[in-house]
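First residue of the sequence shown: 156, per the numbering used here; consecutive thereafter.
Virtual Cβ for every residue (Gly too), placed ideally from N, Cα, C.
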Amino acid sequence: MDKPSHINDSTFDFLLQSFSSEGDTPLPAVIWRADLVENKIDFLNNHVIWGLDDDVGQLLQDPTVAEKMLAADDHSVFERFQKRLHQNQPVSEVLRARGRDGVMRWLYILGSPDPERSFCYVGLLADCTSLANAILRRGSHAGLAEHLELFSNPVFMVHVGTGEVVATNGATRRRFGIDLRSRQILLDDLLGDNAEAYLRDIYEQLLFDLSWNGLLEIRTATGDTLACTARVRAYDRDGRHLLWFSLTPRVHAPPEDMFRRPALPKDCERRLAAATSLDDLLNVIVDYQPEPGRVDAALMSQIFISRGQVVVTGVGEPFNDLHENHTHSYAGSIAENIVLYNLDHLIVSDTSKNIKPIDWALFIPRGIRSYFAVPFFYKQVLRDVVILCSTAPSAFAPDDVVP
């Protein structure tokens, strides 16, 4: 299999090690990279899986295509793959997909966090029926510590029964001073600055849902505390019940008075003052955009994390058919990405390359090609996201963002 020239050696070698086999038999595989912040997927080589052709890209991007192509028994397997991808966790799965020629093929998906790029994910999709069992057996022997070192952000594992931290990665040791080689560390040592009632709610959600996302105060070895966006997952390995913690230390925004903002036109102020609905406010945003013609539509997404929902209101021609208070799952939403990765904004340059369910459900069918999302928090809880939308790709760029 030819190696794309723009893939780092260590990244490529890491992927290929799971495909090692006797001899030099070539293995057909599509190589891809996903940006988990922008939810964009790029295909890094031109390999074609016969019978699937262009459907390979659609399989990884559009859940409705995957539902049609995959064997019914494998839908839950594909959902598990998507979940682990969006959680930035290693994955290896075997799926059965029927191509346009009617032939059912075995596909092997191998993926892992990109060791060279933060919040990116790299993977292979291979047509390898004869190798699938051998690949899965080989992958099962990877050590826990080796898996954690694949992450560039702080990650550690805790034994549920004893509360003892049993594994850490280098980022955890450097950022928090947590070094298991020098002393035993308990979870209570790390979370001691969080309210007991708050921690009880977290443990209750882990008990019933097996996962939790939110803010945690982490105590370092020096006694300081760092506010972190945290993802916690239940994880069973070798008969042990563990908790997997993935942390992103939050960067505090500068005081608002550090920046001067331009005064609004008088008629814009009057329309804002007279607004009586979300539609009125969003129409003001579209009508008074700094560069006329860039924004074709606007959305306000109200976030209800505890209910697992976002409620969307939209204005502009692309959203003329959007009913009032349109509801979408919080899982797979723009808001989820903002919370998971501690973002102060999110730019998507081309929705057609995306893997986020809300893009395929809400934006792509209505011709939205790019968007710029800005979150609004109340007491460190995400409440609203305003999304400026364009029917042109790359309408928004990082250089355009000002404080």
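Asked                                                                                                                           : Found
Best match in A547, K223 and V556 for proximity to L501 [C-alpha to C-alpha]                                                    : V556
Beta-carbon proximity check, I186 vs L279, cutoff 8 Å                                                                           : yes
Nonlocal neighbours in the same chain, by C-beta distance under 7 Å from G522, ignoring five residues either side               : P473 and T546
Sufficient close CB pairs (3 or more, under 8 Å) joining the stretch 429–440 to the stretch 508–521                             : no
Residue from Y353, Y526, E304 and V315 with nearest C-alpha to E193                                                             : Y526
Simplified DSSP state of N438, which is helix, strand or coil                                                                   : helix
Beta-carbon proximity check, S456 vs I357, cutoff 8 Å                                                                           : no
Contact under 8 Å by Cβ, C383 with R405                                                                                         : yes
Own chain, CB closer than 8 Å to L370, minus 5 neighbours either side, in chain order                                           : A382, C383, T384, A385, R405 and Q535
Cα-Cα separation, K238 to Q244                                                                                                  : 9 Å
Of the residues H314, P309 and D229, the one placed nearest R328, counting alpha carbons only                                   : P309
Under 8 Å between C-beta atoms of S549 and S504                                                                                 : yes
Per-residue DSSP class, three states only, for Y443                                                                             : coil
Backbone secondary structure at F198 - three-state DSSP                                                                         : strand
Whole-number beta carbon distance between K508 and I196, since they are thought to touch under 8 Å                              : 6 Å
8 Å Cβ cutoff met for I373 and F306                                                                                             : no
For P309, three-class secondary structure by DSSP                                                                               : coil
Terminal residues of the alpha helix (DSSP H) in which T327 lies                                                                : G325 to F331
Residue environment, Y533, which counts as buried when at least 16 other CB atoms sit within 10 Å                               : exposed
One or two residues paired with G278 in a DSSP bridge                                                                           : W187 and G266
8 Å Cβ cutoff met for N559 and V246                                                                                             : The first residue shown for the chain is 156 and the last is 558, placing residue 559 beyond what the model contains.
Cβ-heavy atom distance, G325 to the ligand GDP, below 7 Å                                                                       : This structure lacks the ligand GDP, and indeed carries no ligand of any kind.
Range covered by the alpha helix (DSSP H) that runs through N492                                                                : I489 to L495
Bridge partners - M259, DSSP secondary structure assignment                                                                     : R253
Contacts around C275, its chain only, beta-carbon distance under 8 Å, and the 5 residues preceding and following it disregarded : R188, A189, D190, L191, P268 and D269
Own chain, CB closer than 7 Å to H230, minus 5 neighbours either side, in chain order                                           : E222
Contacts around A184, its chain only, beta-carbon distance under 7 Å, and the 5 residues preceding and following it disregarded : M156, H202, L279, L280 and A281
Outcome for G178 when other beta-carbon atoms lying within 10 angstroms are tallied against a minimum of 16                     : Annotation note: pLDDT 35 at G178 (below 50); position unreliable, no value reported.
Residues that P530 bridges to, as DSSP identifies them                                                                          : V540
Straight-line Cα distance separating F363 from Q339                                                                             : 29 Å
Element boundaries [beta strand (DSSP E), containing R559]                                                                      : The structure shown does not extend to residue 559, since the chain is modelled only from 156 through 558, so no value can be given for it.
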